[in-house]
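Asker:
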Amino acid sequence: MAALILLAAIGHRRVIGRDNQLPWHLPEDLKHFKALTTGQVVVMGRKTFESICDRLGRPLPHRHSVVLTRDHQWRPTWSGEAQGSEVSVIHRLEALASIDAPSLYVIGGAEIYGLTLPRASAMEITEVDLDVAGDAFFPEFDPDQWQMTAEPWQRSESAGHRYRFVRYSKAIPA
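Our numbering numbers the first residue of the sequence shown as 268 and each following residue consecutively.
1) Whole-angstrom Cβ separation of Ala403 and Ala387, contact assumed at under 8 Å?
2) Please report the residue range of the alpha helix (DSSP H) in which Thr416 lies.
3) I'd like to check one pair, Arg322 with Val309: are the Cβ atoms closer than 7 Å?
4) Can you give me the C-alpha to C-alpha distance between Pro369 and Phe432, rounded to a whole angstrom?
5) Out of Pro419, Ser332, Asp286, which one is the CA nearest neighbour of Val373?
6) Return the residue from the list Ser355, Pro326, Pro328 that minimises the CA-CA distance to Thr336.
7) Taking just the CA atoms, how far does Tyr380 sit from Pro406?
8) With a threshold of 7 Å on Cβ separation, who are the neighbours of His299 within its own chain once the five nearest residues in sequence on each side are excluded?
9) Hey, Leu371 and Leu271: beta-carbon distance below 7 Å or not?
10) Looking only at its chain, what residues have a beta carbon closer than 8 Å to the beta carbon of Pro294, apart from the 5 residues adjacent to it on each side?
11) By Cβ distance, which residues of its chain are closer than 6 Å to Pro343, with the 5 residues on each side in sequence left out?
12) Considering only their Cβ atoms, is the gap separating His279 from Asp398 smaller than 7 Å?
13) To which residues of the same chain is Leu384 closer than 7 Å at the C-beta, ignoring the five residues directly before and after it?
14) With which residues is Arg429 paired in a DSSP beta bridge?
15) Going by DSSP, name the residue or residues bridged to Phe404.
16) If we ignore side chains and look at the alpha-carbon of each, how far apart do Ala276 and Arg285 end up?
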């Protein structure tokens, strides 16, 4: 199976969203997201896919979007062409094993993160130094099961708040 890499921006208290949107605007994180996922397979839940299409008017360009949903009747309402975009719908987590790609980037939402965390080999987390209200949260994880590599804290020139990029790699038991 392809390596599962969870990709998220997380505020204080593990907040990742509010009203199906990011609770902050951080251009540096969006640039980081684009650099990691362009040309890759991104896995997300139905609500995340719909919020992306609502915001952009199309799926993420130059990526293969895989939408994981329990609703067997659901089909993407978006129609048209997006440069380099492909959309697939799956109904079981196990179906990810059939995707031929070296890595799958899991990009949300909260329920999908929770389902895939036990199978993840890495996490690419943008820690956002903000205490904001939220209704979607990244799942708790045991830091002892992960090796962390963090970049220094930086301040966003346009947004004004601090952030840092952190990579977690699954620790290999001794």
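All residues carry an ideal CB built from backbone N, CA and C; glycine is no exception.
Answerer: This is what the structure holds:
1) Sequence index remark: in the sequence shown, residue 403 carries index 136 (1-based). Sequence index remark: in the sequence shown, residue 387 carries index 120 (1-based). Actually they are not in contact, since the Cβ atoms of Ala403 and Ala387 sit about 18 Å apart, beyond 8 Å.
2) In the sequence shown, residue 416 corresponds to position 149, counting from 1. Unbroken run through Thr416 is the beta strand (DSSP E), 413 to 417; no alpha helix (DSSP H).
3) In the sequence shown, counting from the first residue as 1, residue 309 sits at position 42. In the sequence shown, counting from the first residue as 1, residue 322 sits at position 55. Contact flag unset, no.
4) In the sequence shown, the residue the question calls residue 369 occupies position 102. In the sequence shown, the residue the question calls residue 432 occupies position 165. Cα to Cα, the separation comes out at about 22 Å.
5) Taking the first residue of the sequence shown as position 1, residue 373 is located at position 106. Of Pro419, Ser332, Asp286, the residue nearest in Cα terms is Ser332.
6) Counting from one through the sequence shown, the residue named residue 336 turns up at place 69. It is Ser355 whose Cα lies nearest to the Cα of Thr336.
7) Counting from 1 along the sequence shown, the entry for residue 406 is found at position 139. Counting from 1 along the sequence shown, the entry for residue 380 is found at position 113. The alpha-carbon atoms of Pro406 and Tyr380 are separated by roughly 7 Å.
8) Indexing the sequence shown from 1 puts residue 299 at position 32. Thr393, Phe432.
9) The count along the sequence shown starts at 1 and reaches residue 371 at position 104. The count along the sequence shown starts at 1 and reaches residue 271 at position 4. Contact: yes.
10) Numbered from 1 along the sequence shown, position 27 holds the residue referred to as residue 294. Within the same chain, Pro294 has close Cβ partners Ser423, Ser425, Ala426.
11) Counting from one through the sequence shown, the residue named residue 343 turns up at place 76. Excluding positions up to five away in sequence, the list reads Val354.
12) Here residue 398 refers to the residue found at position 131 of the sequence shown. Here residue 279 refers to the residue found at position 12 of the sequence shown. Closer than 7 Å, so yes.
13) Sequence index remark: in the sequence shown, residue 384 carries index 117 (1-based). If we look at Leu384 and ignore the five residues flanking it on each side, its Cβ neighbours are Leu273, Pro406, Phe408.
14) The residue given as residue 429 occupies position 162 in the sequence shown. Paired residue(s): Arg422.
15) Taking the first residue of the sequence shown as 1, we reach residue 404 at position 137. Phe404 pairs with Val282.
16) Position 9 of the sequence shown, counting from 1, holds the residue named residue 276. Position 18 of the sequence shown, counting from 1, holds the residue named residue 285. So the two alpha carbons sit approximately 13 Å from each other.
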